[in-house]
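Below is one structure; the comments refer to it alone.
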Amino acid sequence: MAGIDIEGLATVYPNGVRAVDGLDLHVADGEFFALLGPSGCGKTTLLRTIAGLENASEGTVRIDVADVTRMEPGKRGVAMVFQDYALFPHMTVSENITYPLKVRRVAAATRTATAGRTSSELSLQGLLERRPGQLSGGQQQRVALARAIASEGKVLLLDEPLSNLDARLRLEARTFLKKLQRDLGITTVFVTHDQAEALALADRIAVMQNGRLRQLGSPREVFARPANTFVANFIGSTPMNLLDGAVAAVSDGGSVSVANGSLPAATGSVPAGAEVTVGVRPEYLTLSDGDVNGPSLRGEVVVAENLGTSSLVSVDCGGTLIGVTVPEESEPAPGTSVVLTAPEQRVLLYDRESGELLA
Ligand code: ATP
């Protein structure tokens, strides 16, 4: 078991692209850690640099304290699962799983024992003599995981491990992966562009943009308090409302004027009159048909979108559209007059220019 320490890391491709651009990161021993961000933000490059498949241009990578920055991939103690699984088509499942041991000249009896143990950990019993072409996508993915685990690396690196599975299998595999990681306790870094997957699986998430870290935190933190409007936009299955607003006079208590009214807000040290971007998640807004105590917004329901057990209601508040999530059974009809408010701690203030969280 081992932690990963990354300091001042940059990975520059020969064409000059700084895919990883000055990154500091600590992954704790046994942690399930997600690298999350839009396509091209550098997550795969970062994973490959940890594995030694790309050369670091600046900075250091340490695994289990040892500096591995210039070490060849095979000596770093990492096991990697690629997005396309990279199984050997001509080998059986058993041969695929034990291939890394064969390369290290581990005795045949030990290899057979390892194949037996990992295949039962990954629910692959009965499939050991098949070839990858005779397996479902989910089974192939588990063989790739089994091979990585059998190699007994100190850390497990997973590149978009679930992206080749269909929606139903992906949910099943998610649960399986989470349980497996917890049971094995192996330090795991996985890359995903799917925010829901990162929120569901990870102990902590690093959100990346343009090769840099934009936020590092638990799923709860990055969801409830995005550090900037980039993360606010990226996280959440319904987008956060980001609205122009201004901090109200102190005499009005903690509130921020927005659209045709105001919302309660813990304004902290942000001065009265400051123009800000107000962030509030649809899930944290409440919708009522009568008066509410304290700051609120009045509006009219435009449309409601069914999300399964809940509905996303669009409310027109004096020309500004605001999304509110409500339980499916309390979905109001279009044209209904409503009042919106939110708990003070759920209303976030961002700098209008930089997009960074102020309070
Ligand atoms: P995706 O989710 O699409 O895989 P990503 O976040 O994993 O994206 P990377 O694949 O790490 O991003 O790419 C980061 C940047 O580096 C992109 O601008 C990409 O075009 C560039 N890049 C990736 N691989 C190479 C390469 N071999 N040579 C040059 N540029 C590259």
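UniProt numbering puts the first residue of the sequence shown at 1, with every later residue one more than the last. Just so it is clear, CB atoms sit at the ideal spot from N, CA and C, and this is done for glycine as well.
Is the beta carbon of residue i less than 9 angstroms from the beta carbon of residue j?
{"i": "L297", "j": "V326", "result": "no"}
{"i": "E331", "j": "V302", "result": "no"}
{"i": "L199", "j": "P226", "result": "no"}
{"i": "R48", "j": "I63", "result": "no"}
{"i": "T187", "j": "V27", "result": "yes"}
{"i": "V347", "j": "V247", "result": "no"}
{"i": "L122", "j": "V143", "result": "yes"}
{"i": "L169", "j": "G138", "result": "yes"}
{"i": "F190", "j": "L180", "result": "no"}
{"i": "P264", "j": "P295", "result": "yes"}
{"i": "T192", "j": "A19", "result": "no"}
{"i": "residue 380", "j": "L213", "result": "Lying before the first or after the last residue shown, residue 380 is absent from the chain, which here runs from 1 to 359."}
{"i": "G245", "j": "V276", "result": "yes"}
Should residue i go down as buried or exposed, given a rule of 16 or more other Cβ atoms within 10 Å for buried?
{"i": "S257", "result": "buried"}
{"i": "N96", "result": "buried"}
{"i": "Y85", "result": "buried"}
{"i": "S311", "result": "buried"}
{"i": "V103", "result": "exposed"}
{"i": "Y13", "result": "exposed"}
{"i": "T11", "result": "buried"}
{"i": "S119", "result": "buried"}
{"i": "D21", "result": "buried"}
When DSSP labels each residue in this structure, what does residue i get in the three-state scheme?
{"i": "E221", "result": "helix"}
{"i": "T49", "result": "helix"}
{"i": "N233", "result": "helix"}
{"i": "F33", "result": "strand"}
{"i": "R147", "result": "helix"}
{"i": "residue 376", "result": "One cannot answer for residue 376 here, as it falls past the ends of the chain, which runs 1 to 359."}
{"i": "G308", "result": "coil"}
{"i": "R170", "result": "helix"}
{"i": "residue 376", "result": "Because residue 376 is not part of the residues shown, which for the chain are 1 to 359, the question remains open."}
{"i": "A246", "result": "strand"}
{"i": "Q134", "result": "helix"}
{"i": "E7", "result": "strand"}
{"i": "R76", "result": "coil"}
{"i": "T336", "result": "coil"}
{"i": "R281", "result": "coil"}
{"i": "L358", "result": "coil"}
{"i": "A66", "result": "strand"}
{"i": "L124", "result": "coil"}
Would the beta-carbon of residue i be found less than 8 angstroms away from any heavy atom of the ligand ATP?
{"i": "Y85", "result": "no"}
{"i": "H90", "result": "no"}
{"i": "A19", "result": "yes"}
{"i": "N15", "result": "yes"}
{"i": "C41", "result": "yes"}
{"i": "V191", "result": "yes"}
{"i": "G22", "result": "no"}
{"i": "L9", "result": "no"}
{"i": "residue 432", "result": "The chain is shown from 1 up to 359; residue 432 falls before or after that span and cannot be answered."}
{"i": "T325", "result": "no"}
{"i": "T45", "result": "yes"}
{"i": "G52", "result": "no"}
{"i": "G211", "result": "yes"}
{"i": "E160", "result": "yes"}
{"i": "M208", "result": "yes"}
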